[in-house]
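Note that the numbering used here has the sequence shown beginning at 24, numbered continuously upward.
All residues carry an ideal CB built from backbone N, CA and C; glycine is no exception.
One structure is given here, and the rest of the page talks about it.
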Amino acid sequence: MMHKAGFVNIIGNPNVGKSTLMNTFIGEKLSIITSKAQTTRHRILGIVNGADFQMILSDTPGIIKPAYELQESMMDFVKSAFDDADVLIYMVEIGEQELKDEAFFKKITSSKIPVLLLLNKIDKSDQEQLESQVALWSSKVPNAEIFPISALEGFNVKEVFGRIVELLPESPPFYPKDQLTDKPERFFVNEIIREKILMHYKKEIPYAVEIDTEEFFEEDTIIRMRSIIMVERETQKGIIIGHKGSALKRVGVEARKDLEKFFGKQVHLELYVKVNKNWRSDQRQLKRFGYNQK
Numbered sequence: 024m025m026h027k028a029g030f031v032n033i034i035g036n037p038n039v040g041k042s043t044l045m046n047t048f049i050g051e052k053l054s055i056i057t058s059k060a061q062t063t064r065h066r067i068l069g070i071v072n073g074a075d076f077q078m079i080l081s082d083t084p085g086i087i088k089p090a091y092e093l094q095e096s097m098m099d100f101v102k103s104a105f106d107d108a109d110v111l112i113y114m115v116e117i118g119e120q121e122l123k124d125e126a127f128f129k130k131i132t133s134s135k136i137p138v139l140l141l142l143n144k145i146d147k148s149d150q151e152q153l154e155s156q157v158a159l160w161s162s163k164v165p166n167a168e169i170f171p172i173s174a175l176e177g178f179n180v181k182e183v184f185g186r187i188v189e190l191l192p193e194s195p196p197f198y199p200k201d202q203l204t205d206k207p208e209r210f211f212v213n214e215i216i217r218e219k220i221l222m223h224y225k226k227e228i229p230y231a232v233e234i235d236t237e238e239f240f241e242e243d244t245i246i247r248m249r250s251i252i253m254v255e256r257e258t259q260k261g262i263i264i265g266h267k268g269s270a271l272k273r274v275g276v277e278a279r280k281d282l283e284k285f286f287g288k289q290v291h292l293e294l295y296v297k298v299n300k301n302w303r304s305d306q307r308q309l310k311r312f313g314y315n316q317k
């Protein structure tokens, strides 16, 4: 029986629904989803296996103009998505007119590999707007197949999935058939905690935070974890902790519930907050957290 396998890389502006789409395809929550921009910081692989195919999906950070070292590293993850893609998914949302980076846009329009342009969030549009947007993107990206979808509502998602499988090249699997992702368990602990911070804190706080899980001990019935929430300033530390520790406790309770769902067993989570000055602009620190891989 012929087997297909390939890399399917998802790019687009912040908040267009890239993580929602990948999680829907996989059936697992690998990428965190919030209403805030720049939620995804890494390039996260999610693997979907069928009897005769292996689809390796890659969620990438939203395309932005970098303002500091961390964002430069995030855009390097996006650039790498062009290097190994067998199918490129360019995701836009209803009402969007352009990609924020002209160089990335030229890479998409001159791509020699198949490009699927997914026009997302069509549940927020009417027929007239939809037709106008399809016409706009057909003229802007003539090399792409256009699919109007709603990743959140599941509209047209199966059709896109089927088309991707058709486009995958003939190949043996790249990963073991029971593997779900390329990331270690601690990575998902960090991401789940960071998601709760994105949900509950405003302004600069979520963007100044990084999580480092220092301990992860799995026993028969429980996993014991100890994670550090890194911030850049003392004032941010106070905000994260909150009055008598109430804000930090809320993050811990919500994160533990999601971690128990993710790992399928009881979780004991200890959270601490630590000041790590200017880590977002420190190349050594960024490398330690898995960003600067150059």
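The DSSP-derived three-state label of TYR230 is helix. Assignment of SER304 by DSSP, reduced to helix, strand and coil, places it in the helix class. Between ASP109 and ILE215, the CB-CB gap reaches or exceeds 8 Å. For MET25, the secondary structure class from DSSP, reduced to helix, strand or coil, is coil. For HIS291, the uninterrupted beta strand (DSSP E) run begins and ends at 289-298, by DSSP.
Here GLU237 has ARG249, SER250 and ILE251 as same chain residues with Cβ atoms under 8 Å from its own Cβ, once five neighbours each way along the sequence are excluded. Nearest C-alpha to ASN143 among ARG256, SER304, LEU44 and ARG307: LEU44. Judged by DSSP secondary structure, GLY261 falls within the alpha helix (DSSP H) whose first and last residues are 257-264.
Between ILE172 and VAL180, the C-beta gap is smaller than 8 Å, which places the two residues in contact. Inclusion of GLY69 and LEU80 in the CB contact set at 8 Å is warranted, their separation being smaller than that value. Its Cα nearest to that of PRO196, the residue VAL71 stands out among VAL183, VAL71, ASP305 and GLY50. Less than 8 Å separates the beta-carbon of VAL274 from that of HIS223. The three-state secondary structure of SER155, taken from DSSP, is helix. The beta carbon of LEU159 is closer than 8 Å to those of GLN120 in its chain, skipping five residues each way along the sequence.
About 22 Å separates the Cβ atoms of ILE245 and LYS206, ruling out a contact at the 8 Å cut-off.
Burial of ARG217 is indicated by the presence of at least 16 other C-beta atoms within 10 angstroms of its C-beta. Between the beta-carbon of SER194 and that of ALA28 there is about 4 Å, and that keeps the pair under the 8 Å contact cut. The residues VAL290 and LEU292, in chain order, have a CB closer than 7 Å to that of ARG279 in the same chain once the five nearest residues on each side in sequence are set aside. Pairing PHE239 with ARG209 gives a Cβ-Cβ distance under 8 Å. When the Cα atoms are used, SER304 and ASP75 turn out to be separated by approximately 45 Å.
Assigned with DSSP and collapsed to three states, ILE215 falls in helix. The three-state secondary structure of THR43, taken from DSSP, is helix. At the C-beta level, TRP302 and GLU227 stay beyond 8 Å of one another. In this structure, ILE131 sits near VAL138, with a CB-CB distance shorter than 8 Å.
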